Amino acid sequence: MIDRRSFIGASVAGGLGAVAAVSGCASEDGSGDAATGSADDAAAVPPFELDEVTVDQLQASMASGERTARSIAELYLERIEALDGQGPELRSIIETNPDALEIADELDAERAAGNVRGPLHGIPVALKDNIDTHDRMTTTAGSLALEGSIPPQDSGVAARLREAGALILAKANLSEWAYFRGERATSGWSARGGQCRNPYALDRNPCGSSSGSGVAASANLCALTVGTETGGSIMCPSSSNGIVGIKPTVGLWSRAGVIPISHSQDTAGPMCRTVRDAAVLLGACIGVDPRDPATAASEGNAHADYTQFLDPSGLRGARIGVVRTFPGFDPRVLALFDEAIEAMRAAGAVIIDPANMDAAAWNDPLSLVVLEFEFKTDLNAYLAGRGEDAPVKSLAEVIEFNERNAEREMPHFGQQRLIAAESRGPLTDPEYLNAVATIQRANREDGIDRLAREQNLDAIVAPTRDLPWPTDHIKGDRLDGGSSAAPAAIAGYPDITVPMGFVRGLPTGISFFGPAWTEPTLLRIAYAYEQATQERRAPTFAPTLG
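In terms of this note's numbering, the sequence shown opens at residue -10 and continues consecutively.
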């Protein structure tokens, strides 16, 4: 959305084991030479034999007997050990699955017996630490308030992944409570995980709240990762870490067992290095779930195999609308965006430029009102479902816990968002009902739907997010950078970001979004763009911008 930091910040302005703060020694605007480090810095990151490997390549290696699920899991666990808590200290993983190798052995035994469940059989996946798993890993949203707590059952996402034969390898770090905690907050920081770091320049922010998922995918710490989004928290870390992210239509994936902010906007989604890998993961987690009523609408709109829509010629004849009304982007990002538009035109796309939307729709301060009301109601319902063993059972108890443990929980920023949400009433309140109806109409019927219909568009495009900023635990996140995530986030519509290029060694992405359930069309176009441009590059782990 504006990513959630900017969304919350803009709304408030009227328009959403810690490591020490990383010094902001790079310039604020990303100027200077490419992100570089010394030879010793580069030597600290060992070569990795699974660098940039795809799901198809992993499956081929297991089918041939070259690798096993166990050997693949071992390599990723070694990679996590080498890069996450030491070396560049990415701090993208909160914990690994203590049963991972035993599960891998079971999946290998199934394969040996001739039972391969599908394209994810034996493939390691890391889940953001707000997605429930009923195993020996905890689910805490990065908060010490839930430390040691294990949910009573798998989330809908985790259950689908296990059914597909995926190996849930780890829990990824995140902005604590998915960034909905305090003002002047820092993306990628949680009390449990510390400060997650951008692998392209370690003093730059990885963006949030799915920061750990974005970093782990980009740094090749896992084959695939899953993030969640309410307002840009898949889009922003995907763009800032040079990967592909998909925010599905709300209801395509179950939200049951995902620590919530907003039932109107929340969804989990794939965060991967390629569009094809993201499409494989997208299809594995679809399906109606009685625990999430929103999934009922996916019946007839979901596909078990989204790779069928991937077409390298998919831009030919596609009508692409270019939105120019998102402010705050660095001119160099806009120059890359113009190059991307020309690349699509050269690939046969019909470009409608501009195809603008009303910026007031996503800058409406009513957006924050909706999140505050829904967070209180939805979090209280979620915590009640954690059972009697849950260490906190309500938002009020979370606030009280943070106050008692302020030194560990609030060393850098407070909990103003939690307190504001606690003050809200029930979802029958007329203020809430007016707010949710107003912003959804503005971004659905009068926004994305109208633009797509009037211009006969297959996709709407814009730069995803401005350049990663220096992490700063004193000033917090930079909220003035450009972002295009808000309309699709508020509407609950699909959005896909793909690497668009680099500015001084820092990655940035391009977003393709459209009306509800248009994932097949968006994937076709995004894949064709990816194949035509090939802008993904593995990170360099530079300490700073040179």
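Virtual Cβ for every residue (Gly too), placed ideally from N, Cα, C. The model shown is predicted, which means the values in this text are computed figures rather than measured ones.
Residue(s) in a DSSP beta bridge with residue i
i, result
"Phe502", "Ile449, Asp484"
"Glu218", "Thr256"
"Gly183", "Ser179"
"Thr497", "Gly490"
"Ile341", "Gly310"
"Lys160", "Glu84, Leu116"
"Ile69", "Answer by DSSP bridge pairing: none, since Ile69 is not bridged."
"Ile275", "Trp242"
"Cys211", "Cys211 pairs with nothing; no bridge assigned."
"Asp281", "Asp278"
"Cys261", "Val233"
Coarse secondary structure for residue i, derived from DSSP in three states
i, result
"Trp178", "strand"
"Leu511", "helix"
"Cys225", "helix"
"Gly76", "coil"
"Ile408", "helix"
"Val11", "Note that Val11 scores 33 on pLDDT, short of 50, meaning its location in the model is unreliable; the coordinates nonetheless yield the value given after this. Val11: coil per DSSP, three-state reduction."
"Thr533", "strand"
"Trp242", "strand"
"Asp438", "helix"
"Ile82", "strand"
"Ala190", "strand"
"Ser251", "coil"
"Val42", "coil"
"Gly234", "strand"
"Ile536", "Residue 536 cannot be examined here, being either before or after the span of the chain that is shown, -10 to 535."
"Ser472", "strand"
"Asp266", "helix"
"Arg454", "strand"
"Asp553", "The structure shown does not extend to residue 553, since the chain spans only -10 to 535, so no value can be given for it."
"Asp353", "coil"
"Lys365", "helix"
"Glu420", "helix"
Separation of residue j from residue i, as counted between CA atoms
i, j, result
"Pro226", "Gly203", "5 Å"
"Ala33", "Pro77", "8 Å"
"Thr217", "Arg493", "28 Å"
"Ile275", "Ile499", "25 Å"
"Glu524", "Gly376", "46 Å"
"Asp255", "Arg193", "26 Å"
"Pro169", "Asn345", "The question names Pro, yet the displayed sequence has Phe at residue 169. Using only the alpha carbons, I get a separation of about 30 Å."
"Phe(-4)", "Ser81", "Note that Phe(-4) scores a pLDDT of 43, beneath 50, so its modelled location is shaky; the value from the coordinates is reported in the next line. Going by the C-alpha atoms only, they are around 23 Å apart."
"Asp418", "Asp94", "53 Å"
"Pro195", "Arg334", "31 Å"
"Leu39", "Leu64", "8 Å"
"Pro316", "Ala426", "25 Å"
"Ala58", "Ala349", "50 Å"
"Ala98", "Met51", "12 Å"
"Ala28", "Gly137", "Interpretation of Ala28 is limited by its pLDDT of 41, a score under 50 that renders its predicted location unreliable; the figure taken from the coordinates is listed afterwards. C-alpha separation (whole angstroms): 41 Å."
"Ser228", "Leu372", "32 Å"
"Val105", "Leu304", "34 Å"
"Leu109", "Ala293", "12 Å"
"Thr453", "Asp484", "10 Å"
"Gly74", "Pro532", "15 Å"
"Gly374", "Gly414", "20 Å"
"Asn214", "Ala206", "According to the sequence shown, residue 214 is Thr rather than Asn. Roughly 6 Å between the two C-alpha positions."
"Gly21", "Leu299", "The predicted position of Gly21 is uncertain, since its pLDDT is 37 and thus under 50; a value taken from the coordinates is nonetheless stated next. Each residue's Cα considered, the two are about 38 Å apart."
"Leu241", "Pro509", "12 Å"
Closest residue to residue i among the options (Cα-Cα distance)
i, options, result
"Ala286", "Tyr482, Thr57, Pro528", "Tyr482"
"Arg467", "Arg100, Ala58, Ser176", "Ser176"
"Ile479", "Arg454, Glu328, Thr238", "Thr238"
"Ser472", "Asp121, Thr533, Gly221", "Gly221"
"Gly490", "Asp97, Arg80, Tyr189", "Tyr189"
"Thr528", "Leu495, Ala71, Asn445, Val215", "The question names Thr, yet the displayed sequence has Pro at residue 528. Nearest C-alpha to Pro528: Leu495."
"Glu361", "Arg305, Pro301, Ile250", "Ile250"
"Leu150", "Leu270, His252, Pro87, Lys236", "Leu270"
"Asp461", "Asp124, Cys185, Ile139", "Cys185"
"Gly111", "Glu136, Asp73, Glu84, Ala153", "Ala153"
"Pro354", "Ala424, Ala161, Arg56, Leu416", "Ala424"
"Thr296", "Leu416, Thr366, Glu386, Ala273", "Ala273"
"Trp351", "Ala148, Ala475, Thr510, Leu47", "Ala475"
"Ala536", "Ala521, Glu288, Arg513, Arg526", "Since the first residue shown for the chain is -10 and the last is 535, residue 536 is missing from the structure and cannot be characterised."
"Gly246", "Leu440, Ile223, Asp278", "Asp278"
Near the ligand SAH: residue i beta-carbon under 7 Å from a heavy atom
i, result
"Leu357", "Within the structure as shown, the ligand SAH is missing, as the structure has no ligands at all."
Residue i at chain D interface by Cβ criterion, 8 Å
i, result
"Leu47", "Absence of chain D from the displayed structure is noted, only one protein chain being present."
Margin query: Taking 8 Å as the cut-off, does the stretch 247 to 265 touch the stretch 228 to 235 (at least 3 CB pairs, one atom from each stretch)?
Written below: yes
Note to self: So, does the stretch 176 to 196 touch the stretch 140 to 153, judging by three or more C-beta pairs under 8 Å?
What the structure shows: no
Checklist line | Touch test, the stretch 110 to 129 against the stretch 150 to 162, Cβ-Cβ under 8 Å, three pairs minimum | finding: yes
Note to self: Taking contact to mean 3 or more Cβ pairs, one atom from each stretch, closer than 8 Å, check whether the stretch 311 to 323 and the stretch 337 to 356 are in contact.
What the structure shows: yes
Check: Contact between the stretch 386 to 404 and the stretch 128 to 135: three or more CB pairs below 8 Å?
Finding: A contact exists between the stretch 386 to 404 and the stretch 128 to 135.
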